[in-house]
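All the letters of the sequence shown, read from the start, carry residue numbers 1 to 333 under full-length UniProt numbering.
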Amino acid sequence: MNDVTETPAPAGKIMLVGIGPGSVEHMTGRARAAIAEADTIIGYVTYIKLVADLIEGKEVIRKSMTEELDRAIEALARARAGKKVALVSSGDAGVYGMAGPTYEVLFEAGWTPDSGIEVEIVPGASALNSCAALVGAPLTHDFCAISLSDLLTPWPVIARRLDAVAQADFVVALYNPKSGRRTQQIVQAQQLLLRHRRPDTPVAIVKSAYRRREQISFTTLDQMAEAEIGMLSTVLIGNSQTFVREGRMVTPRGYAHKYALEEGGATRAGEQAGRSLSTGLLGWLQALQAEHQAGATPDELARRHRLPADYIVQALLVPAEATTAAVAEEGEA
Numbered sequence: 001m002n003d004v005t006e007t008p009a010p011a012g013k014i015m016l017v018g019i020g021p022g023s024v025e026h027m028t029g030r031a032r033a034a035i036a037e038a039d040t041i042i043g044y045v046t047y048i049k050l051v052a053d054l055i056e057g058k059e060v061i062r063k064s065m066t067e068e069l070d071r072a073i074e075a076l077a078r079a080r081a082g083k084k085v086a087l088v089s090s091g092d093a094g095v096y097g098m099a100g101p102t103y104e105v106l107f108e109a110g111w112t113p114d115s116g117i118e119v120e121i122v123p124g125a126s127a128l129n130s131c132a133a134l135v136g137a138p139l140t141h142d143f144c145a146i147s148l149s150d151l152l153t154p155w156p157v158i159a160r161r162l163d164a165v166a167q168a169d170f171v172v173a174l175y176n177p178k179s180g181r182r183t184q185q186i187v188q189a190q191q192l193l194l195r196h197r198r199p200d201t202p203v204a205i206v207k208s209a210y211r212r213r214e215q216i217s218f219t220t221l222d223q224m225a226e227a228e229i230g231m232l233s234t235v236l237i238g239n240s241q242t243f244v245r246e247g248r249m250v251t252p253r254g255y256a257h258k259y260a261l262e263e264g265g266a267t268r269a270g271e272q273a274g275r276s277l278s279t280g281l282l283g284w285l286q287a288l289q290a291e292h293q294a295g296a297t298p299d300e301l302a303r304r305h306r307l308p309a310d311y312i313v314q315a316l317l318v319p320a321e322a323t324t325a326a327v328a329e330e331g332e333a
């Protein structure tokens, strides 16, 4: 009788490491530790170069720009063999990085958290964070990121997103804005944004943030498409309140709506520190009811407030006494 017990295969691990802008000083401690812990390093050739000082003596697998799925498949194969794998992404692995493709490959292969292969995502500073830090404070109010790459996303989907965020007055960070073959996407984006934004809306263009060939330039929305932009650039487009002063791009958070900054920060008439604006939800519902009672139709209110008519109808269904009571309760809190 054969009494030999099979030794179970060692458990492997995939670490999706966001290396931030690329310099060691801008990487998190956990990112550096994950790379040190790994047996195998996998990544796009440019990203491998950024961590060259940290990977001596390790197995290194270099892949091309469009081989994201191949990187994930290689990582899974090494992890199944019991290896600890660091799959590196610039910026953050979960923001246009390798986290999504890797999970797609894992789930397609039947992976579960209990299947013996551990998966860890190590966050890093995304390009919008590092670029914003270099140009000032452009992201201190609501913002969004949109990739102009149509390699995997249909252009009408991208165009609808651009039109929606432009109308909604978001600050916009454009990833993958232009390449040697994709030259018209940035022009189309400019045209869509100009439908809702002033021509002089501030724009900052940052290339290779915190890297050797870093370049920073400021322009305006109507001049954006003529600027020097490439695949290593991130384009930050301001909202209606964004300004550039002393070489710094700033988007106000909105304090001026509540506080008189020119008077030492005193609260404006009708406002209370620490409470919703008088034009916040509750105050706006009260005003909307008053406008409607004065004769404005839902369609007129929709045009006035630039909101969908069916949303206005729903807002008008909120009992006026409930809104009044909520305003009073907040004021007493």
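All residues carry an ideal CB built from backbone N, CA and C; glycine is no exception. Please read all numbers here as calculations on a predicted model, not as lab measurements.
Beta-bridge pairing of Thr234 - partner residues as DSSP gives them = Per the DSSP secondary-structure output, Thr234 pairs in a beta bridge with Val206.
Going by the CB atoms, is the gap between Leu54 and Ala36 shorter than 8 Å?
-> Yes, these two residues count as a Cβ contact at 8 Å.
Who pairs with Ala260 in a beta bridge, going by DSSP?
-> Ala260 is bridged by DSSP to Ala266.
Three CB pairs or more closer than 8 Å across the segment 161-181 and the segment 190-202 | Result yes; three or more Cβ-Cβ pairs closer than 8 Å.
Per the contact definition of three or more C-beta pairs closer than 8 Å, is the segment 10-21 in contact with the segment 109-124?
-> Touching, yes.
Assigned secondary structure, Met98 (DSSP; H/G/I helix, E/B strand, else coil) = Look at Met98 here: in three-state DSSP terms it is coil, with no helix or strand label.
Buried or exposed for Thr242, please, with buried defined as at least 16 other CB atoms from any protein chain shown within 10 angstroms of its CB.
-> By the neighbour-count rule (16 or more Cβ atoms within 10 Å), Thr242 is buried.
At 4 residues or longer, and completely inside the segment 73-143: list those alpha helix (DSSP H) runs for me, N to C.
-> Given a length threshold of 4 residues, each whole run of the alpha helix (DSSP H) inside the segment 73-143 is given here in chain order: 99-108 and 127-135.
Span of the alpha helix (DSSP H) holding Leu174?
-> In this chain, Leu174 is not harboured by any alpha helix (DSSP H); it is covered by the beta strand (DSSP E) spanning Val171 to Tyr175.
Identify every residue that forms a DSSP beta bridge with Gly20.
-> Assignment of beta-bridge partners to Gly20 by DSSP yields Gly91.
Cβ-Cβ separation, Gln185 to residue 340 (assumed contact under 8 Å), whole Å = With the chain represented from 1 up to 333, any question about residue 340 goes unanswered, as that position is not in the structure.
Can you grab the Cα-Cα spacing for the pair Pro138 / Arg304, in whole Å?
-> Cα to Cα, Pro138 sits roughly 28 Å from Arg304.
The segment 262-277 touching the segment 218-238, judged by at least three CB pairs closer than 8 Å = No contact exists between the segment 262-277 and the segment 218-238.
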